[in-house]
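Below is one structure, written out as structure tokens; the observations come after it.
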């Protein structure tokens, strides 16, 4: 189960990275930026059960995804997405990213827009390009919300349940830690073991929190120097 969580762990970093970049692109002087924010945020408003059923159909052989790949001439990429153990966790992690990235984009965009325009104008006068503004102004300016969203993404990766449970039931190598815990508790009636697994998960999440705080403190300390 922890091996499966690694897919979601990697996907959480991809999700945060994409959200930061997209938020930066739509935060300033973009026509229809509120529309794009709504489009990105919309998946976060849909129930996970509905999303899971939508993507069950999306990944079915000969369905939407295969049709798109065939239209693009990429027939060689067509797979049994939810049957092949090599692809099933990648597919489920993609669904998770699509589900939550919009929320991150809106949060990062709001944090970026709270940065004083005078700071950005001063950087432009000094000759800073967009990348330098992004690296030295935007990222430090959203460090607090970035830390929070990163924590939520990491803990969510460790405790992922709804999407893989509904879409695959934990089959074909997609069994996560929480699905296994639920199976022990309600299918095998081994409540004591399930409780122990829950405590282990809580301990891991707390350790992840402590490590993250240490890293962010060191980063902030390096910026002051």
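Numbering (this note's numbering), first residue to last: 2 to 226.
For glycine and all other residues, C-beta sits at the position ideal for the given N, C-alpha and C.
| Query | Result |
| --- | --- |
| Quick check on DSSP: helix, strand or coil for residue 161? | coil |
| With distances taken Cα to Cα, identify the nearest neighbour of residue 24 among 135, 59 and 95. | 135 |
| Can you list, in chain order, the residues of its chain whose CB lies under 8 Å from that of residue 211, leaving out five sequence neighbours each side? | none |
| Output needed for residue 54: all residues of its chain with C-beta closer than 8 Å, excluding positions within five of it in sequence on either side, in chain order. | 167 |
| Below 7 Å CB to CB, which residues in the same chain sit around residue 17 once its five sequence neighbours on both sides are set aside? | 105, 150, 151 and 154 |
| If you follow the alpha helix (DSSP H) that residue 61 is in, where does it begin and where does it stop? | That residue, residue 61, is in no alpha helix (DSSP H); it is neither H nor E in DSSP. |
| Alpha carbon to alpha carbon, how far is residue 226 from residue 90? | Low confidence applies to residue 226: its pLDDT is 43, below 50, so where it sits in the model is not reliable, and the reading given next is rough at best. The straight-line gap from Cα to Cα measures roughly 42 Å. |
| Taking DSSP as the reference, what is the three-state secondary structure of residue 115? | coil |
| Would you report the Cα separation of residue 163 and residue 140, rounded to the nearest angstrom? | 32 Å |
| Let me confirm a value: residue 179 is counted as buried when at least 16 other C-beta atoms fall within 10 Å, else exposed. Which label applies? | buried |
| Given a cut-off of 8 Å, decide if residue 83 and residue 60 are closer than it, judged by their beta-carbon atoms. | yes |
| Can you give the beta carbon distance from residue 19 to residue 102, rounded, assuming they're within the 8 Å contact cut? | 6 Å |
| Using only alpha-carbon positions, find the residue among 190, 116, 63 and 88 that is nearest to residue 146. | 116 |
| Given a cut-off of 8 Å on the beta-carbon distance, is the pair residue 199 and residue 177 in contact? | no |
| Could you give the distance in angstroms between the alpha-carbon of residue 51 and the alpha-carbon of residue 112? | 30 Å |
| Contact check, residue 1 vs residue 41 under 8 Å by CB: the rounded distance? | Residue 1 is absent from the model: the chain starts at 2 and stops at 226. |
| For the alpha helix (DSSP H) holding residue 7, just list the boundary residues, first then last. | 3 to 28 |
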